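Student:
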Amino acid sequence: MSQAGRKLGELLLKQGLIQKPDLELALEHQDKFKTRIGNSLVSLGHINEKVLATFLSKQFGIPAISLEGVRVDVEVVKLVPRSLCEKHHIIPLSIVDNKINIALSDPSNMTVSDDIRFICNLEPQIYLATEGAITKLIQKAYDAISNSLQDELSKLNFVGDGENIDLLRADKGKITGSILVDSDSVGEKPIISFINKLFVEAIRKKASDIHIEPFETYSRVRLRIDGALYEVMRLPPQFKASTPSRIKVMAELDISEKRLPQDGRIQIKTKNSKVDVRVSVLPTMYGEKVVMRLLDQGNKTPDLAKNGFEESQLATFRKAANQPYGMVLVTGPTGSGKSTTLYGILSELNTPDVNISTVEDPVEYNMGGINQVQMKEAIGMNFASALRSLLRQDPDIIMVGEIRDQETAEIAIKASLTGHMVFSTLHTNDAPGTISRLLHMGLEPFLITAAITLIEAQRLIRFNCSHCAEPDTNITEADLIRAEISTEWIGKFTPMRGKGCEECGNTGYRGRKGIYEVMVMTETLRNLVIKGANTDMIKQAAMAEGLITLRQSGLFKLFRGETTLEEVLNNSRSDGDIEKK
């Protein structure tokens, strides 16, 4: 039985506003229905709601106000979540002199002021009103905003409007249907619809990332398609706070934390695919920016032969991967397709007589017959600790998602020197630069040369749309010479470019493939590393032995009309600086 309720009841009894039997019945009602004593007395008809409000105003010294005809400013309502108003039976009214005026029905509630200060960063000025009036005004004010947002949402057209998505809890891995929560943010129902449709549109367009960026008067939504960002819409200011809040609810992040970056994960399922979504939330000047990376779990295992390798490069890469022991490193910047290449070669090596284990962050493809381990940094499950455990699992082939530090690098190299085939990735600009990166990590040159079998560097470039590609008449002979194309090739091929059509979304490009640099660690290169040769010396020696560089790999695709000169230049470094030295 509530002590606060009994105390209020006794005060009302002392003033002669209720009778003792009335109080006893109200206390029973309060216990049964978990309401406040005042609400129980009003519900049972033992006291008039306005009389109760007048009494509480005098008792607690809080001014009473009438809410009849009151209209609440939309911007004020946005500051306080509807769920908080319904929990405490309060309604924000206005902001005056850096104070927010709040009407409440229960002045004995001591937590209201603290909650308001925390959420709004404003000092609350409390007024007393009847519970019925507050309930009506909550419904009126918040429904009006919800309708306003729904009107704005109806203006945003998506091709995928007719398709629904199911949301999966990432930690349970099973369909639970759409995640339905209480209204933790203003106008949540239209936001649910908008976010769902945005996912469907991104999947339909084969986008790799969704960017939602807040600015002063709008939020911009962009999709990364084939490596380039395209603006697809601008959201009205009403969506600025509620959009990241909804995404944080879906990713099970802290919706009250708006000052620090947060990372999470969502799993969604459409009629045709299951997608793992990695969520990154970052506070900016005008609100929280959200970036979501989409990883299609329904993708088939990559086929290396279709990824863009030149025939000689692929043969060399496969030969190195099929060695009984050693290390193959795949390098390049984030988003250059390194994981795709590794999954492709692992699928070729995946036979019943081979034990393959991987350590990944995150697991991007689910591959049958391969033991895949997901990193969990929060509990100390990092690459180094997982790799140590993996070596006790009798592996033949090990794949380490990324070498990030000296400890992981040393364990991986020792594994390759003790009879295991090790695959991993590293962030470097080109294949020869990988040697310098490992040396800077603190590895000894003799370990590097003994362990590494092959280093492959890669980039992704956009391919011309096959439906609208045509000769690029803007490319001059001087442009080709600056791109290091031999004069004997000029005039023997025609540079092509997509002019843009419905098939490619008027971009001129459709799909991406890799350009590659496959460097075998020959005896010549090992001797140079031991002698302390720099990156340019190693690259020059590798080119003398037949290395196809990233620039040359791109130019081969230009000769075949598969891509544009612009894409080649934007994704590869000149080889001429090596020759000049």
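Our numbering applies: residue 2 is where the sequence shown begins, and numbers increase by one.
Cβ coordinates follow ideal geometry from the N, Cα and C atoms, glycine included.
From a predicted model like this one, the values you see are computed outputs, not experimental measurements.
Output needed for residue 454: all residues of its chain with C-beta closer than 7 Å, excluding positions within five of it in sequence on either side, in chain order.
Tutor: Here residue 454 corresponds to residue number 453 of the sequence shown, with the count starting at 1. 321, 324, 327, 328, 329, 522.
Student: Just curious, the beta strand (DSSP E) that residue 229 is in, first and last residue?
Tutor: Mapped onto the sequence shown, residue 229 falls at position 228. Residue 229 -> beta strand (DSSP E) spans 229–236.
Student: State yes or no: is the C-beta of residue 54 within less than 7 Å of the C-beta of residue 131?
Tutor: Here residue 54 refers to the residue found at position 53 of the sequence shown. Here residue 131 refers to the residue found at position 130 of the sequence shown. Yes, they are a contact pair.
Student: Which residues bound the alpha helix (DSSP H) around residue 88?
Tutor: Position 87 of the sequence shown, counted from the first residue, corresponds to residue 88. First-last of the alpha helix (DSSP H) with residue 88: 83–89.
Student: Count Cβ pairs between the stretch 346–361 and the stretch 373–383 that sit closer than 8 Å; are there 3 or more?
Tutor: Short answer: they touch.
Student: Report all residues from its chain with a CB closer than 8 Å to the CB of residue 235; omit the five preceding and five following residues, and keep chain order.
Tutor: Within the sequence shown, numbered from 1, the residue matching residue 235 stands at position 234. So the list reads 219, 220, 221, 222, once near-sequence residues are dropped.
Student: Beta-carbon separation of residue 282 and residue 295 under 7 Å?
Tutor: For the purposes of this step, residue 282 is identified with residue 281 of the sequence shown, where counting begins at 1. For the purposes of this step, residue 295 is identified with residue 294 of the sequence shown, where counting begins at 1. Cβ atoms of residue 282 and residue 295: not closer than 7 Å.
Student: What are the residues that DSSP puts in a beta bridge with residue 423?
Tutor: For the purposes of this step, residue 423 is identified with residue 422 of the sequence shown, where counting begins at 1. 328, 399, per the DSSP bridge assignment.
Student: Measure the Cβ-Cβ separation of residue 462 and residue 564 and say whether it is below 7 Å.
Tutor: Looking up residue 462 in the sequence shown gives position 461. Looking up residue 564 in the sequence shown gives position 563. Yes.
Student: Using the C-alpha atoms, what's the distance from residue 397 back to residue 420?
Tutor: The sequence position of residue 420 within the sequence shown is 419, counting from 1. The sequence position of residue 397 within the sequence shown is 396, counting from 1. Going from the Cα of residue 420 to the Cα of residue 397 covers about 8 Å.
Student: In chain order, what residues of the same chain lie with their CB nearer than 7 Å to the CB of residue 382, ignoring the 5 residues before and after it?
Tutor: Here the question's residue 382 lines up with position 381 in the sequence shown. Same-chain partners within the cutoff: 376.
Student: Could you check whether the Cβ of residue 563 sits closer than 6 Å to any heavy atom belonging to the ligand NAD?
Tutor: Here there are no bound small molecules, and the ligand NAD is not part of this structure.
Student: Residues in the same chain with beta-carbon distance under 7 Å from residue 254, minus the five sequence neighbours each way, listed in chain order, please.
Tutor: In the sequence shown, counting from the first residue as 1, residue 254 sits at position 253. So the list reads 263, 265, 282, once near-sequence residues are dropped.
Student: Where does residue 239 fall in DSSP's three states?
Tutor: Within the sequence shown, residue 239 is the residue found at index 238, counting from 1. Of the three classes helix, strand and coil, the one that applies to residue 239 here is coil, per DSSP.
Student: Could you give the first and the last residue of the continuous alpha helix (DSSP H) run that contains residue 528?
Tutor: For the purposes of this step, residue 528 is taken as residue 527 along the sequence shown, with counting starting at 1. Where residue 528 is concerned, the enclosing alpha helix (DSSP H) stretches over 524–531.
Student: Give the secondary structure of residue 441 by DSSP, where H, G and I count as helix, E and B as strand, and everything else as coil.
Tutor: By 1-based counting over the sequence shown, the position of residue 441 is 440. Three-state DSSP puts residue 441 in a helix.
Student: Looking at the unbroken beta strand (DSSP E) that takes in residue 278, where does it start and where does it end?
Tutor: On the sequence shown, residue 278 is found 277 positions in, with the first residue counted as 1. Residue 278 -> beta strand (DSSP E) spans 275–285.
Student: What did DSSP end up calling residue 344 once you bin it into helix, strand or coil?
Tutor: Taking the sequence shown and counting its residues from 1, one reaches residue 344 at position 343. Three-state DSSP puts residue 344 in a helix.
Student: Got a sec? Which residues, its chain only, sit under 7 Å from residue 501 by beta carbon, not counting five neighbours each side?
Tutor: For the purposes of this step, residue 501 is taken as the residue at position 500 of the sequence shown. Contacts found: 469, 507, 508, 509.
Student: Can you name the start and end residues of the beta strand (DSSP E) that residue 515 belongs to?
Tutor: For this step, residue 515 is matched to residue 514 along the sequence shown. Residue 515 -> beta strand (DSSP E) spans 510–521.
Student: So, at 6 Å on beta carbons, what are the nonlocal neighbours of residue 424 in its own chain, with the 5 sequence-adjacent residues on each side left out?
Tutor: Stepping through the sequence shown from its first residue, residue 424 is reached at position 423. 329, 343, 400, listed in sequence order.
Student: Looking at residue 208: is its Cβ nearer than 7 Å to the Cβ of residue 230?
Tutor: If you number the sequence shown from 1, residue 208 lands on position 207. If you number the sequence shown from 1, residue 230 lands on position 229. Result no, Cβ atoms of residue 208 and residue 230 do not sit closer than 7 Å.
Student: Could you tell me whether the stretch 436–446 touches the stretch 405–414, using the rule of 3 or more Cβ pairs below 8 Å?
Tutor: Touching, yes.
Student: By how many angstroms is the C-alpha of residue 364 removed from the C-alpha of residue 340?
Tutor: On the sequence shown, position 339 is the one that residue 340 refers to. On the sequence shown, position 363 is the one that residue 364 refers to. Cα-Cα distance, rounded: 10 Å.
Student: Can the beta-carbon of residue 106 be found closer than 7 Å to that of residue 90?
Tutor: Within the sequence shown, residue 106 is the residue found at index 105, counting from 1. Within the sequence shown, residue 90 is the residue found at index 89, counting from 1. Taking 7 Å as the Cβ cut-off, residue 106 and residue 90 qualify as a contacting pair.
Student: Evaluate residue 247 with the Cβ neighbour count: other Cβ atoms within 10 Å of its Cβ, from every protein chain shown; 16 or more gives buried, anything less gives exposed.
Tutor: Taking the sequence shown and counting its residues from 1, one reaches residue 247 at position 246. So residue 247 ends up on the buried side.
Student: Can you name, in chain order, every residue of its own chain whose Cβ lies under 8 Å from the Cβ of residue 1, other than the five neighbours on each side?
Tutor: The shown model of the chain, from 2 to 582, leaves out residue 1, and the question about it has no answer.
Student: Output yes or no for whether 7 Å exceeds the beta carbon distance between residue 529 and residue 545.
Tutor: On the sequence shown, residue 529 is found 528 positions in, with the first residue counted as 1. On the sequence shown, residue 545 is found 544 positions in, with the first residue counted as 1. Result no, Cβ atoms of residue 529 and residue 545 do not sit closer than 7 Å.
Student: Beta strand (DSSP E) containing residue 225: first to last residue?
Tutor: In the sequence shown, the residue the question calls residue 225 occupies position 224. From DSSP, the beta strand (DSSP E) with residue 225 extends over 220–226.
Student: Measuring only the C-alpha atoms, how far is residue 387 from residue 404?
Tutor: Position 386 of the sequence shown, counted from the start, is the residue given in the question as residue 387. Position 403 of the sequence shown, counted from the start, is the residue given in the question as residue 404. Distance between the alpha carbons of residue 387 and residue 404: 13 Å.
Student: When the Cα of residue 473 is compared with those of 559, 429, 553, 79, which residue comes out closest?
Tutor: As a working mapping, residue 473 is identified with position 472 in the sequence shown. It is 559 whose Cα lies nearest to the Cα of residue 473.
Student: With distances taken Cα to Cα, identify the nearest neighbour of residue 366 among 272, 561, 297, 288.
Tutor: Position 365 of the sequence shown, counting from 1, holds the residue named residue 366. If we check each option's Cα against that of residue 366, 297 comes out closest.
Student: Can you tell me where the alpha helix (DSSP H) with residue 415 in it begins and where it stops?
Tutor: The count along the sequence shown starts at 1 and reaches residue 415 at position 414. Unbroken alpha helix (DSSP H) run through residue 415: 407–418.
Student: Which residues bound the beta strand (DSSP E) around residue 358?
Tutor: Residue 358 sits at position 357 when you count from the first residue of the sequence shown. It spans 357–361 - the beta strand (DSSP E) in which residue 358 sits, taken as one unbroken run.
Student: Roughly how many whole angstroms lie between the Cα atoms of residue 192 and residue 240?
Tutor: Taking the sequence shown and counting its residues from 1, one reaches residue 192 at position 191. Taking the sequence shown and counting its residues from 1, one reaches residue 240 at position 239. Cα to Cα, the separation comes out at about 8 Å.
Student: Buried or exposed for residue 73, going by 16 or more other Cβ atoms inside 10 Å?
Tutor: For the purposes of this step, residue 73 is taken as the residue at position 72 of the sequence shown. So residue 73 ends up on the buried side.
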